Structure formats: C-alpha cells, structure tokens
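Its first residue numbered 978, the sequence shown is counted upward by one per residue in my numbering.
Note that the Cβ used here is the ideal one computed from N, Cα and C, for glycine as well.
Owing to the predicted nature of the structure, the values given are computational and were not obtained by experimental measurement.
Here is the structure we will look at, set down as structure tokens.
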Amino acid sequence: MTPYRHTETSLLNLVALGVPMVACAAAFLIVPMPSPWTYLVLGLAVFFLVLVILFHSLTIEIDEREIRMHFGPGLVRKKWTVSGCLDARRTKTRLIDGWGIKLTNRGWLYSVSMPDAVLIRFTTGKSVQLGTDEPEALLAALLEAGVDIDEDGT
978 MTPYRHTETS
988 LLNLVALGVP
998 MVACAAAFLI
1008 VPMPSPWTYL
1018 VLGLAVFFLV
1028 LVILFHSLTI
1038 EIDEREIRMH
1048 FGPGLVRKKW
1058 TVSGCLDARR
1068 TKTRLIDGWG
1078 IKLTNRGWLY
1088 SVSMPDAVLI
1098 RFTTGKSVQL
1108 GTDEPEALLA
1118 ALLEAGVDID
1128 EDGT
C-alpha cells in the first residue's frame, strides 16, 4: 500500500482565532499600565495564539495498519487500527456541528473546515468523522488499506 498523508490548512481557523488574538494584543498595548485588565488581555492574546498554533491545520495519515490524525504541530492527536474499521463513507458535516473536536450524534468530529468529511464506523459500534478537503482521495486510501467503502451511505 502507498501510505496516504494529507494536511489541510484552515484559513477559517486562522481568521477566527487570529483576529481576537490581534485585538487582545492591541488592547494590551492601549490599556494604561498598571491595570488589572493588562494581564487579562495579555492572557487572552496568548490563549488565542496557542489555539492558532494547535488548530491551524489537520493532518491525516493512513498506512496498512493505522489511521492517524493530528492537529497543527501534533500535540492533539488520535489513531485507530485499520483492522478495527467496519466501513467508511463520504459525508457532510452540519452547520450545527461546526469544526474542531466535538462529540456529535454521529460520533467524534475532527475537522478544521466544513462541510466535507469521511465517516468511519468501527466494529465496536463507535464512529468518527474526519474533516477533509479531499474526501475521495481519503476514501481511496482507506479502500487500499482494506476498509470497506459504503458508496450509498447506508
């Protein structure tokens, strides 16, 4: 099998987290020193900077044994065994699901953008949705790794 690796960078996350980071950094420079607000806005700027670094991208890797994903530099990561997969199919995330890491009614969602994703069901009865900007290539890699593809979405 040819190993699969794809990184999707999210302009949406960069903007959604970068704008408040810059606003907080600007407020830090504007707030007169010393003020209790000085440390609050500095803390918020650092918080948003950490979020930008951690969640600016999502990388998915597949080989014959594992499906791995990580956000940004790799501090937030998850992996599953290919042998534990029941099947996979293309899906769309809903607006209410948004992006990021969250538990939805269709299992855990790991995504940096909307709406394309691949839903993977496991023999344990659990499911995950991996957001991607190339769902067909991800499904092809899963098929090559030995995961059944559910074409009709049933």
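- The Cβ neighbour count for Thr1068, taken over all protein chains shown within 10 Å, is at least 16; the residue is labelled buried.
- Residue pairing for Thr984: DSSP places it in a beta bridge opposite Thr1036.
- When C-alpha distances from Gly995 are compared across Ser1012, Val1008, Leu1028, Met1010, the shortest belongs to Leu1028.
- As the crow flies, the alpha-carbon of Leu1119 is around 55 Å from that of Ser1012.
- Looking at the backbone, the Cα of Gly1075 and that of Phe1024 are separated by about 20 Å.
- In this structure, the CA atom of Val1053 is about 27 Å from the CA atom of Tyr1016.
- Rounded to whole angstroms, the gap between the alpha carbons of Phe1048 and Leu1006 is 31 Å.
- In the three-state scheme derived from DSSP, where H, G and I count as helix and E and B as strand, Trp1014 is classed as helix.
- Counting C-beta pairs closer than 8 Å gives fewer than three between the segment 1075 to 1084 and the segment 1037 to 1047, which falls short of the contact rule.
- Runs of the beta strand (DSSP E) spanning 3 or more residues and lying entirely within the segment 1021 to 1068 occur at 1034 to 1039, 1043 to 1048, 1053 to 1058, in chain order.
- Taking Arg1045 as the centre and dropping the five residues before and after it, the same chain places the C-beta of Glu1038, Lys1056 closer than 6 Å to its C-beta, in chain order.
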